[in-house]
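Below is one structure, written out as structure tokens; the observations come after it.
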Amino acid sequence: MKKMLRRIGLHPTLSAFTAITGALAGVLGTIYTAHIRVVFPFEQMHHWPPDLPVISFWVFVVVFGFCFGLGTWAQNKTTLEKLGKLHKLSDETRNVQVELRGGVDRLEYIIRTMPPEDVLDRFEDSYRGVFLEVASAYESGASIVDIQKAIIAVLAGLAHLTSVFDHAHQDTVYCVNMMLYHKRDGIDANTLDELNKGLIFFDRATTTLQSLDGFLELIPEFAMRLNAAKQVEADTDTPHIVLPVPRKRKQESKPAVLPGAPEAFCASTGYAGYEDTLTLKKWCIERSALGEVIADEVGRYFARGGDGQSIRSFVGYLHSVVGKWQQSAGIAGSTCPKPGLEYDA
20 MKKMLRRIGL HPTLSAFTAI TGALAGVLGT IYTAHIRVVF PFEQMHHWPP DLPVISFWVF
80 VVVFGFCFGL GTWAQNKTTL EKLGKLHKLS DETRNVQVEL RGGVDRLEYI IRTMPPEDVL
140 DRFEDSYRGV FLEVASAYES GASIVDIQKA IIAVLAGLAH LTSVFDHAHQ DTVYCVNMML
200 YHKRDGIDAN TLDELNKGLI FFDRATTTLQ SLDGFLELIP EFAMRLNAAK QVEADTDTPH
260 IVLPVPRKRK QESKPAVLPG APEAFCASTG YAGYEDTLTL KKWCIERSAL GEVIADEVGR
320 YFARGGDGQS IRSFVGYLHS VVGKWQQSAG IAGSTCPKPG LEYDA
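The number in the numbering used here is simply the position in the sequence shown, starting from 1, with 19 added.
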């Protein structure tokens with residue numbers, strides 16, 4: 020019924036008919052104004068013969084009102100439906116734009132992270148040097164010095180490959196380091212006290228050490244850097260720091276683990292990083308469960324004048340060692356003084 024009324028209301032004939040009835044009502048009202056003023060139309064039902072001009076006037080008025088209302092209702096209904104479709108189309112267009120923008124960003128990211136053509140040759144050269152050092156460290160008579168040389172060789176190779184994958188500029192300095200994992204349970208009191216002294220990004224007012232699963236300790240002796248001349252040297256400026264690894268990885272569906280080494284240790288992929296440390300404080304507040312205290316500490320640490328002001332992006336890789344050093348685990352990390360270190364490459 021409503022569909023039929025809408026079709027009638029939208030038909031051009033109805034508009035013409037409404038205009039004609041309105042015009043006739045106006046003509047009769049003008050000519051027979053005195054009659055209409057003194058005679059109410061319903062009283063005409065009791066008098067015969069009725070006053071035809073008056074009856075005709077009121078009939079045209081009623082018909083005009085009905086037709087006008089029907090046309091208005093049909094047009095409003097159709098307009099609302101079209102607006103609804105337009106809003107839906109706008110939302111779909113907006114979603115398409117978001118997807119398109121995301122696709123462009125992903126394509127840009129893929130292009131940016133594509134390694135150079137000679138990456139395999141460089142990898143082969145790096146791998147040969149590293150392999151010899153690591154192989155000697157696995158020999159039965161290897162000393163602690165041999166093991167240290169192997170670790171340094173691996174970190175140096177990682178620094179070179181990072182610069183290759185990241186399309187390093189002439190003045191870009193890449194730093195690599197190693198963090199050793201200490202499980203909270205079983206740590207003696209002296210070691211725990213030393214780890215607690217170097218612990219950063221940890222809210223001591225609301226959190227206890229018992230709530231941690233363990234600690235990631237940066238070993239300054241194994242901190243290296245690839246200078247602007249693409250030579251690996253010891254990074255003597257690297258401080259001794261310790262990062263917390265909480266037992267609860269998430270709180271209310273938000274990560275409770277810091278990006279970088281802690282996230283890499285907890286992630287199933289074994290690697291994680293962050294592209295721009297100047298936005299890390301905002302990430303901590305809006306997208307994590309770390310809290311404002313830790314977010315403020317992170318902001319101060321990476322801001323100008325902070326201890327981490329030279330670090331703009333970083334990435335961590337999990338390494339689990341089996342065999343001679345079974346049950347050992349650590350994080351090999353890379354840092355860069357510019358944003359956008361591409362760890363997915």
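Just so it is clear, CB atoms sit at the ideal spot from N, CA and C, and this is done for glycine as well.
Please read these numbers as outputs of a predicted model, since none were measured by experiment.
Within 8 angstroms, strictly: CB atoms of residue i and residue j
{"i": "L180", "j": "S145", "result": "yes"}
{"i": "F241", "j": "N209", "result": "no"}
{"i": "L245", "j": "S155", "result": "no"}
{"i": "L297", "j": "F333", "result": "no"}
{"i": "H201", "j": "L214", "result": "yes"}
{"i": "F79", "j": "L29", "result": "no"}
{"i": "V173", "j": "V149", "result": "yes"}
{"i": "K300", "j": "G318", "result": "yes"}
{"i": "V264", "j": "D212", "result": "no"}
{"i": "T255", "j": "L237", "result": "no"}
{"i": "F83", "j": "G41", "result": "yes"}
{"i": "M243", "j": "A178", "result": "yes"}
{"i": "L89", "j": "I27", "result": "yes"}
{"i": "V81", "j": "Y51", "result": "no"}
{"i": "P274", "j": "R266", "result": "no"}
Cross-strand partners of residue i (DSSP beta bridge)
{"i": "Y290", "result": "Y336"}
{"i": "A253", "result": "M243"}
{"i": "G233", "result": "K202, V264"}
{"i": "Q270", "result": "K273"}
{"i": "F218", "result": "Residue 218 is actually Leu in this sequence, not Phe. DSSP output for L218 lists V261 as bridge partner(s)."}
Residue i versus residue j: straight-line alpha-carbon distance, rounded
{"i": "E152", "j": "Q270", "result": "43 angstroms"}
{"i": "V261", "j": "S230", "result": "15 angstroms"}
{"i": "T32", "j": "C86", "result": "11 angstroms"}
{"i": "G279", "j": "I206", "result": "24 angstroms"}
{"i": "L24", "j": "K96", "result": "11 angstroms"}
{"i": "K168", "j": "Y293", "result": "29 angstroms"}
{"i": "V341", "j": "Y157", "result": "Low per-residue confidence applies at V341: pLDDT is 42, beneath 50, and the placement is therefore not dependable, though the value from the model is reported in the following sentence. About 11 angstroms."}
{"i": "E316", "j": "G325", "result": "10 angstroms"}
{"i": "G45", "j": "T112", "result": "49 angstroms"}
{"i": "E305", "j": "V276", "result": "14 angstroms"}
{"i": "F284", "j": "L108", "result": "45 angstroms"}
{"i": "K22", "j": "H54", "result": "40 angstroms"}
{"i": "G103", "j": "W92", "result": "16 angstroms"}
{"i": "K343", "j": "D165", "result": "Low confidence applies to K343: its pLDDT is 40, below 50, so where it sits in the model is not reliable, and the reading given next is rough at best. Taking the straight line joining both Cα atoms gives about 14 angstroms."}
{"i": "S34", "j": "T49", "result": "23 angstroms"}
{"i": "E127", "j": "L228", "result": "42 angstroms"}
{"i": "F36", "j": "D124", "result": "59 angstroms"}
Whole-Å CB distance - residue i paired with residue j, under 8 angstroms assumed
{"i": "V251", "j": "A308", "result": "The Cβ separation is near 38 angstroms, so there is no contact."}
{"i": "L381", "j": "M198", "result": "The structure shown does not extend to residue 381, since the chain is modelled only from 20 through 364, so no value can be given for it."}
{"i": "D204", "j": "G310", "result": "Their Cβ separation, rounded to whole angstroms, is 25 angstroms, which puts D204 and G310 out of contact at 8 angstroms."}
Closer than 7 angstroms: residue i CB and nearest the ligand ZN heavy atom
{"i": "L199", "result": "Although the ligand ZN was asked about, the structure shown includes no ligands whatsoever."}
Discussion item. Report the start-end ranges of each alpha helix (DSSP H) in the stretch 138 to 201 that is 4 residues or longer and not cut off at the edges.
Written reply: With a minimum length of 4 residues, the continuous alpha helix (DSSP H) runs that stay inside the stretch 138 to 201 are 138 to 156, 163 to 184.
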